[in-house]
Amino acid sequence: MTNLEIAPRLRGLTFNGEKGDIVVFKESIENAEVTCAADELAEKVKPGVRSVSVEGVGGFLIGEDYDDAVNGTENAQKLTGRAAVVSNKVCVVTGGAQGFGEGIVRELIANNAIVFIADMNVDGAKALAALLNEQEGRTVAFGVAVNVADEDSVKAMMDEIVLTVGGVDLFVSNAGVLKAGSVKELSLKDFKFVTDVNYVGFFICTKFVAPVMEAMNKPTGQYYTDIVTISSKSALEGSNKNGAYAGSKFGSVGLVQSFAKELVADNTKVNTVCPGNFFDGPLWSDPDRGLFVQYLNTGKVPGAETVADVKAFYEAQVPMNRGCFPKDVTQAVMYSVEQKYETGQAIPVTGGQVMLN
Ligand SMILES: NC(=O)c1ccc[n+]([C@@H]2O[C@H](COP(=O)([O-])OP(=O)(O)OC[C@H]3O[C@@H](n4cnc5c(N)ncnc54)[C@H](O)[C@@H]3O)[C@@H](O)[C@H]2O)c1
């Protein structure tokens with residue numbers, strides 16, 4: 048067994064009824080509490096063990112959170128009940144450097160999670176992680192580079208995460224892109240770009256995170272892990288002059304249902320949250336490339352002459368009269384983690400704008 052296979056297994060073996068401990072790989076450690084061969088781990092490692100040295104592989108430091116594992120600080124909050132839904136669990140948020148992703152990162156950390164901010168904009172991801180670590184006074188966030196549409200990049204990201212903390216409890220597949228345009232005019236290049244990030248990217252991420260989760264969940268059979276993709280209300284209802292996007296999001300629901308049926312055997316639930324429009328986020332409000340500007344330029348809103356006209360048009364379509372916020376989305380993500388008797392579902396968070404049939 049390699050270090051990449053052993054680390055998630057150790058998380059599984061330290062499962063405490065809610066989650067496993069954080070496991071940090073080191074080439075070598077001194078005075079390990081347990082020294083054994085890889086095939087003796089199940090017999091030797093019990094919850095509460097703080098360090099393990101595996102012959103021919105290396106050492107693993109173990110703790111309630113990252114600082115506890117590395118420095119033995121023992122200052123990690125130990126929450127119970129509803130407050131513990133993501134407490135000291137390892138979460139990954141792709142596209143976490145800005146927009147909905149950044150908001151989800153902040154909300155998960157407010158709920159005591161340890162979060163990998165995985166983004167193509169690695170400088171933004173690392174800057175946000177540094178800010179949040181300083182704010183919290185402990186290591187709660189890491190910035191990591193990824194292009195979700197590239198297999199090698201996703202594999203490298205997963206390897207880095209596994210060697211840093213041992214595995215993943217909640218993977219939020221949030222990175223997404225949008226190119227609006229009429230079916231008569233949209234270039235094939237743009238259509239494929241949207242499909243690659245939103246649809247293929249979700250497949251690639253699941254392909255590499257699912258085996259890690261399986262290795263964590265297997266030793267006890269009681270450990271549950273979650274994959275949640277952030278799709279859209281456009282996964283439930285078509286979107287005019289926005290077919291590439293809506294198609295990719297509809298498709299991701301098909302992947303969610305199929306992956307859910309397969310991964311239930313590993314105790315991994317797979318769900319999707321379908322948010323309404325985040326009008327205040329950069330996707331809509333960026334003054335140069337935001338959707339308000341794109342929709343104005345493509346004439347999607349008849350009669351609209353300014354960005355403000357486009358925004359007013361969209362707000363008026365929401366029964367609850369406002370756009371969706373990251374907090375609304377994170378509540379649905381946390382629900383899917385807390386709910387142990389559901390998988391393969393699409394959860395609308397649309398202010399009543401799109402409802403399930
Ligand atoms: N903003 C909305 O109104 C809205 C509504 C419903 C659903 N969504 C969905 O929410 C998710 C986030 O949207 P947003 O509005 O926050 O977007 P955004 O454009 O503000 O941010 C997207 C982030 O993803 C990163 N990213 C883009 N491509 C990537 C790739 N290939 N690999 C890794 N990172 C990549 C970007 O660097 C950026 O940090 C998307 O899946 C989107 O479809 C958004």
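Be aware that the sequence shown starts at 48, since it is given in the numbering used here, and climbs by one per residue. Cβ coordinates follow ideal geometry from the N, Cα and C atoms, glycine included.
- prompt: Which of helix, strand or coil does DSSP assign to V219?
  reply: In the sequence shown, the residue the question calls residue 219 occupies position 172. Strand.
message: So, under 8 Å CB-CB, V195 and V201 are touching, yes? Tell me the CB distance rounded to an integer number of Å.
response: What you label residue 195 is simply residue 148 of the sequence shown in a count that begins at 1. What you label residue 201 is simply residue 154 of the sequence shown in a count that begins at 1. Sure, about 6 Å apart at Cβ, within 8 Å.
task: Since I believe V219 is in contact with V317 (beta carbons under 8 Å), could you give me their beta-carbon distance rounded to a whole number of angstroms?
output: Walking along the sequence shown from the start, residue 317 turns up at place 270. Walking along the sequence shown from the start, residue 219 turns up at place 172. Taking 8 Å as the upper bound for CB-CB distance, V317 and V219 are not in contact here, some 12 Å apart.
message: Taking the alpha carbon of Q400 as the reference point, which residue from S286, A312, K347, L330 has its own alpha carbon closest?
response: Counting from one through the sequence shown, the residue named residue 400 turns up at place 353. Closest by alpha carbon: S286.
field: Closest by C-alpha distance to L108, when choosing among N289, D206, G184, N50
entry: Reading the sequence shown from its first residue, position 61 is the one you call residue 108. If you compare the alpha carbons of N289, D206, G184, N50 with that of L108, the shortest gap goes to N50.
message: At a cut-off of 6 Å, would you count G223 as near ligand 2, judging by its Cβ distance to the nearest heavy atom?
response: Looking at this structure, you won't find ligand 2 anywhere; what it does contain is ligand 1.
- prompt: Where does I76 sit, in a helix, a strand or coil, going by DSSP?
  reply: Translated into positions along the sequence shown, residue 76 becomes position 29. DSSP places I76 in the coil class of the three-state scheme, outside both helix and strand.
Burial state of Q364, where buried means 16 or more other Cβ atoms lie within 10 Å: In the sequence shown, residue 364 corresponds to position 317, counting from 1. Q364 is exposed by the Cβ-count criterion.
Counted within 10 angstroms of its Cβ, other Cβ atoms place D166 as buried (16 or more) or exposed: Locating residue 166 in the sequence shown gives position 119, counting from the first residue. With 16 or more Cβ atoms within 10 Å of its Cβ, D166 is classed as buried.
message: What I want to know is whether the C-beta of M204 ends up closer than 6 Å to one or more non-hydrogen atoms of ligand 1.
response: For the purposes of this step, residue 204 is taken as the residue at position 157 of the sequence shown. Checking the Cβ of M204 against ligand 1 gives no.
- prompt: Do the region 272-286 and the region 349-361 touch if we need at least three Cβ pairs shorter than 8 Å?
  reply: No, because fewer than three Cβ pairs between the region 272-286 and the region 349-361 fall closer than 8 Å, the two stretches do not touch.
message: Alpha carbons only, please: which of I161, K236, V230, A192 is nearest the one belonging to G171?
response: In the sequence shown, the residue the question calls residue 171 occupies position 124. Proximity to G171 across I161, K236, V230, A192 peaks at A192, based on C-alpha coordinates.
message: Between which two residues does the beta strand (DSSP E) holding N194 run?
response: By one-based count along the sequence shown, residue 194 stands at place 147. For N194, there is no enclosing beta strand (DSSP E), as DSSP marks it with neither H nor E.
field: Given G248 as reference, the closest of E198, G103, R129 once Cα atoms are compared
entry: Mapped onto the sequence shown, residue 248 falls at position 201. Out of E198, G103, R129, E198 has the C-alpha closest to the C-alpha of G248.
- request: Let me know if V104 comes out buried or exposed under the rule of 16 or more other beta-carbons within 10 Å of its beta-carbon.
  value: Numbered from 1 along the sequence shown, position 57 holds the residue referred to as residue 104. Per the 10 Å Cβ criterion, buried.
message: How far does the alpha helix (DSSP H) with V152 in it extend, from its first residue to its last?
response: Here residue 152 corresponds to residue number 105 of the sequence shown, with the count starting at 1. Taken as a continuous stretch (DSSP letters only), the alpha helix (DSSP H) holding V152 covers 146-157.
message: When you compare the CB positions of V81 and V96, do they come within less than 7 Å of one another, or not?
response: In the sequence shown, counting from the first residue as 1, residue 81 sits at position 34. In the sequence shown, counting from the first residue as 1, residue 96 sits at position 49. It is a contact, given that the beta carbons lie within the stated cut-off.
message: Under 8 Å: do the region 344-353 and the region 313-330 share three or more Cβ pairs, one atom per stretch?
response: Taking 8 Å as the limit for Cβ pairs, the verdict is that the region 313-330 does not touch the region 344-353.
Nearest candidate by alpha-carbon position, reference V71, set V215, D243, V133: One-based indexing of the sequence shown puts residue 71 at position 24. Of the candidates V215, D243, V133, the one whose C-alpha sits nearest the C-alpha of V71 is V215.
message: Taking 8 Å as the cut-off, does the region 145-159 touch the region 80-94 (at least 3 CB pairs, one atom from each stretch)?
response: Flag = no, the region 80-94 and the region 145-159 do not touch.
message: Measuring only the C-alpha atoms, how far is G184 from L126?
response: Taking the first residue of the sequence shown as position 1, residue 184 is located at position 137. Taking the first residue of the sequence shown as position 1, residue 126 is located at position 79. The alpha-carbon atoms of G184 and L126 are separated by roughly 18 Å.
query: Tell me, which residues are paired with I109 by DSSP?
result: In the sequence shown, residue 109 corresponds to position 62, counting from 1. Under DSSP, I109 takes part in a beta bridge, and its partners are V70.
task: Reducing DSSP to helix, strand and coil, say where A374 ends up.
output: In the sequence shown, residue 374 corresponds to position 327, counting from 1. Per the sequence shown, residue 374 should be read as Lys rather than Ala. K374 sits in a helix when the DSSP states are folded into three classes.
query: CA-CA distance, E284 and A293?
result: On the sequence shown, position 237 is the one that residue 284 refers to. On the sequence shown, position 246 is the one that residue 293 refers to. Each residue's alpha carbon lies about 8 Å from the other.
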